[in-house]
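Just below is one structure, and these are the notes that go with it.
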Amino acid sequence: AQSVTQPDIHITVSEGASLELRCNYSYGATPYLFWYVQSPGQGLQLLLKYFSGDTLVQGIKGFEAEFKRSQSSFNLRKPSVHWSDAAEYFCAVGGIGGNEKLTFGTGTRLTIIP
Amino acid sequence: DVKVTQSSRYLVKRTGEKVFLECVQDMDHENMFWYRQDPGLGLRLIYFSYDVKMKEKGDIPEGYSVSREKKERFSLILESASTNQTSMYLCASSSLSSGKPYNEQFFGPGTRLTVL
């Protein structure tokens, strides 16, 4: 069965500092990987996705993520965070067969301090 | 822009009541999903639907049912609400894969349900 682990429940960073959010997945074949962001009181918005090809993917809002098969990881990064990046971030993995089901991690809450 | 709307942002119901949560999408998407979101548990799939009148169980279907009579509308039903169903409920939709392995899921703002 597929699964996603986000080991950090809560991360606090200073505005302007770099950010890395960790995501590890378990899946038997090539995974389809996603990062979503949820701002307070909002639904989820897709930041970026990995299907195949270049292992470094660029997303919206200046985010990027790197797929590392050997480490079963898909970590999210941003070189310089802004106060508006404060939100909850979810990593998700999709299964085979194009059945559109996603398995989500438990989320990482990001707090930005001035 | 794709828009997914949910009938209520906040809902308070009593134990044993029948509860309907409505979701409507305006982009003619074939796929629709219901998730519940709980602190420390992330999002868990309750039910999903690939087409009108079709439904598939997700990971936690117990205590829930769904209805999809029209393509744009997907309803989640709690036949007899219980306190352990107090949660945030999120609806999502996506179009059918057309040569792609996956299409993006678009989410509604969520309904925070409290069962007393």
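Line order of the protein sequences matches chains A and B. Anchor point for the first sequence: position 23 equals 21 in my numbering, and the numbering is continuous, going up by one each time. Count along the second sequence starting at 1, add 1, and that's the number in my numbering. For glycine and all other residues, C-beta sits at the position ideal for the given N, C-alpha and C. The structure presented is a predicted model; accordingly, all values stated were derived computationally and were not measured.
So what does DSSP say about B/SER15, is it helix, strand or coil?
Note that residue 15 of chain B is Arg in the sequence shown, not Ser. Reduced to three states, the DSSP call for B/ARG15 is coil.
What are the start and end residues of the beta strand (DSSP E) that includes A/GLY103?
First-last for A/GLY103: undefined, no H or E at that position.
For a cutoff of 9 Å on Cβ pairs, would you count A/GLN69 as touching chain B?
no
Between the C-alpha atoms of A/SER1 and B/GLY43, what's the straight-line distance to the nearest angstrom?
12 Å
Could you tell me the distance, in whole angstroms, from the CA atom of B/ARG74 to the CA atom of B/PHE108?
14 Å
Do A/LYS99 and B/PHE49 have their beta-carbon atoms positioned less than 9 Å apart in this structure?
Going by beta carbons, B/PHE49 and A/LYS99 fall inside the 9 Å limit.
Do three or more CB pairs link the segment 24 to 34 of chain A to the segment 44 to 61 of chain A at distances below 8 Å?
Taking 8 Å as the limit for Cβ pairs, the verdict is that the segment 44 to 61 of chain A does touch the segment 24 to 34 of chain A.
Bridge partners of B/LEU114, per DSSP?
According to DSSP, which records beta bridges pairwise, B/LEU114 is partnered with B/LEU12, B/SER88.
Do B/LYS4 and B/GLN26 have their C-beta atoms closer together than 9 Å?
yes
Let me see if you follow: with CB-CB separation under 9 Å, is B/LEU117 close to chain A or not?
No, B/LEU117 lies away from the interface with chain A (no Cβ there is under 9 Å from its Cβ).
Can you grab the Cα-Cα spacing for the pair B/PRO40 / B/LEU97, in whole Å?
30 Å
Whose C-alpha, out of B/LYS71, B/ALA93, B/THR112, is nearest the C-alpha of B/THR87?
B/THR112
Report the residue from B/LYS14, B/PHE21, B/ASP60 whose alpha carbon sits nearest the alpha carbon of B/GLN38.
With respect to the C-alpha of B/GLN38, the residue from B/LYS14, B/PHE21, B/ASP60 having the closest C-alpha is B/ASP60.
Can you give the Cα-Cα distance for B/GLN7 and B/SER68, rounded to whole angstroms?
15 Å
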